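Numbering (full-length UniProt numbering), first residue to last: 1 to 104.
Positions of the beta carbon are idealized from the N, C-alpha and C atoms, including for glycine.
These numbers were taken from a predicted model, which means no experiment stands behind them.
Right, one structure below, let's go through it.
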């Protein structure tokens, strides 16, 4: 079940990136949308790496399986991107408008 959940999140993230890329090619994408997809992808990637480490148990932290290396890289990206509360405080109005457009 965990592996299926991980694969689902990866697929959803890839589809979101593909969609926002196509919107950008058509000049129909805002910087806030790009930031939102980027932030979500970073968070989900870190969550998936943590699940993979837990699934492998003690092997999740050894060099042979590379999970810990990827997790450290993702922690760095997550720190660089900033936490979610800071992200939403920067774009509250833009996100509100985006969500309204999404619904209608």
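Less than 8 angstroms between the beta carbons of residue i and residue j, yes or no?
i, j, result
"residue 42", "residue 73", "no"
"residue 68", "residue 2", "no"
If you count every other CB in all the chains shown that lies within 10 Å of the CB of residue i, and 16 or more means buried, which is it?
i, result
"residue 45", "buried"
"residue 49", "buried"
"residue 4", "exposed"
Start and end of the alpha helix (DSSP H) containing residue i?
i, result
"residue 64", "No alpha helix (DSSP H) contains residue 64, which DSSP labels as neither H nor E."
"residue 26", "No alpha helix (DSSP H) holds residue 26; DSSP gives it neither H nor E."
"residue 40", "31 to 56"
With distances taken from CA atoms, which of the options is nearest residue i?
i, options, result
"residue 99", "13, 75, 30", "30"
"residue 40", "65, 57, 23, 13", "13"
Decide yes or no for the touch test of the segment 49 to 61 against the segment 28 to 38: beta carbon pairs closer than 8 angstroms, at least 3 of them. no
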